[in-house]
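With this note's numbering, the residue at position 44 of the sequence shown is 92, and numbering never jumps.
Ideal placement from N, C-alpha and C gives every residue a C-beta, glycine not left out.
Predicted, not measured: the structure shown is a model, and the values here were computed from it.
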Amino acid sequence: MLTTSKWAGLAATTCALAAIAAGAAMAQGQTGAQPQADLPYVEARPTDIGSCRAPTSHAGTDRVLTCTCPAAAGDPSASAAVWGTDVYTADSYICATARHAGVIGTGGGRVTLQMLPGQASYAGTSRNGVSTRSYGRYGASYRYVTTERPVAAPPAPQPAPAVMPSAPSVPVQAAAPVAGLPDVAWSAVTDLADFDLAGGSSSSRRAQDLGQCTSVPPVHRGQAGVLLTCTCPADPGEGPPIWGTRYYSGDSNVCKAALHAGAIDRSGGRVAIMTMTDQDRYEGSTHNGVTSLAYGRTNRLGAYFFVR
């Protein structure tokens with residue numbers, strides 16, 4: 049990993065630009081911060097590390113940390129190089145990634161994060177005025193979470209049905225059962241974009257084609273019974289972490305979960321998922337060369353399972 053350089057000649061310009069951005073956000077009455085309820089819930093007592101920095105000293109743990117970020121205008125490291133999207137390398141400066149993730153705005157504030165294992169790759173994106181870089185394999189990472197319990201109890205967990213309603217008009221290529229996994233209808237879908245579920249109207253129950261698979265779109269997280277279809281590239285096992293077995297948390301990478309579940313092989317392919325409400329627990333396991341992590345109850349992330 050490259051070390052961030054501090055260029056003294058650009059310090060004044062950086063601070064000035066940050067101040068302008070902060071002023072514009074205040075003038076519009078916006079901070080850019082997302083509600084804490086939108087973050088994954090973790091039942092833990094965070095360790096307060098004081099002022100935020102890159103959490104490299106906590107690499108190799110699953111600790112939950114909390115710290116405080118200054119306003120962007122007065123942050124000398126506001127333009128530090130950072131790597132990743134949603135899941136960031138452990139040497140990425142916390143306050144920069146927190147603004148990128150939308151956890152805080154330009155005014156700064158307190159953040160909570162959870163240390164994670166290293167990932168095979170990290171994708172760079174631009175969000176909320178912060179650009180992150182792409183990177184390959186790195187040994188430790190983290191994501192933002194909340195330890196505040198939701199005010200209202202989430203809906204009761206919805207068990208995954210044994211099989212989906214049959215759809216004779218849709219050509220389906222069945223996949224072989226996966227050893228050690230429950231007997232669920234894992235299969236490779238050739239065309240579900242226009243498939244109407246039995247008992248549903250074409251306007252309300254038509255499968256939505258997401259194009260390239262990522263995770264469940266935020267608009268559908270926590271909703272039950274939404275049918276989605278998307279396409280996975282070859283060798284999808286190298287991706288962000290996943291949580292669960294048979295059913296997966298809504299923020300789990302669909303292609304990596306599909307390989308874990310046996311819905312596709314390493315050549316990739318088309319998959320279909322059905323969304324569920326948040327579950328009480330997600331079991332970790334290793335199947336098909338992919339390891340999923342265990343997790344407790346999610347909050348407003350929802351879940352999903354693979355269908356025909």
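{"Item": "Helix, strand or coil at G133 [DSSP, three-state]", "Value": "First, the residue type needs correcting, since residue 133 is Thr and not Gly in the sequence shown. Note: T133 maps to strand in three-state DSSP."}
{"Item": "C-alpha distance - R294 paired with G317, whole-angstrom precision", "Value": "19 Å"}
{"Item": "6 Å Cβ shell around R1 - same chain, five flanking residues per side excluded", "Value": "Because the chain is modelled from 49 through 356, residue 1 falls outside the range shown and cannot be assessed."}
{"Item": "Outcome for R356 when other beta-carbon atoms lying within 10 angstroms are tallied against a minimum of 16", "Value": "buried"}
{"Item": "Beta-carbon spacing of A185, A171 below 7 Å", "Value": "As written in the sequence, residue 185 is Arg, which differs from the Ala given in the question. No, the Cβ-Cβ distance between R185 and A171 is not below 7 Å."}
{"Item": "Residue span of the alpha helix (DSSP H) that contains H268, given as start and end", "Value": "No alpha helix (DSSP H) contains H268, which DSSP labels as neither H nor E."}
{"Item": "Exposed unless 16 or more other CB atoms sit within 10 angstroms - verdict on T283", "Value": "The sequence given here has Asp at residue 283, not Thr. D283 should be labelled exposed."}
{"Item": "Whole-angstrom C-beta distance between I142 and R101, which should lie under 8 Å", "Value": "6 Å"}
{"Item": "Whole-angstrom distance between T160 and S263, CA atom to CA atom", "Value": "22 Å"}
{"Item": "Rounded separation between H106 and G166 - CA only", "Value": "12 Å"}
{"Item": "Strand pairing of Y186, partner residues [DSSP]", "Value": "Q167"}
{"Item": "CA-to-CA distance, C117 to T346, given in whole angstroms", "Value": "26 Å"}
{"Item": "Coil, strand or helix - C303 by DSSP", "Value": "helix"}
{"Item": "Delimiting residues of the beta strand (DSSP E) encompassing A120", "Value": "First-last for A120: undefined, no H or E at that position."}
{"Item": "Assumed close pair T114, P94 - CB separation to whole angstroms, cut-off 8 Å", "Value": "4 Å"}
{"Item": "Sub-7 Å separation of G155 and A128 beta-carbons", "Value": "no"}
{"Item": "Run of the alpha helix (DSSP H) containing I142, from where it starts to where it stops", "Value": "I142 to A149"}
{"Item": "Residue environment, Q327, which counts as buried when at least 16 other CB atoms sit within 10 Å", "Value": "buried"}
{"Item": "Three-state secondary structure (DSSP) of T346", "Value": "coil"}
{"Item": "DSSP bridge partner residues for A92 (one or two, in chain order)", "Value": "The partner list for A92 (beta bridge, DSSP) is empty, contrary to what the question assumes."}
{"Item": "C-beta neighbour in chain C for V178, strict 7 Å", "Value": "Going by chain labels, chain C is absent from the structure shown, which holds only one protein chain."}
{"Item": "Assigned secondary structure, D328 (DSSP; H/G/I helix, E/B strand, else coil)", "Value": "coil"}
{"Item": "Alpha carbon of A126 to alpha carbon of A144, nearest angstrom", "Value": "6 Å"}
{"Item": "Own chain partners of L307 with C-beta closer than 6 Å, once the 5 adjacent residues on each side are dropped", "Value": "P284, G285, N336 and V338"}
{"Item": "Residues near Q256 in its chain [Cβ-Cβ closer than 6 Å; skip 5 each side]", "Value": "L276"}
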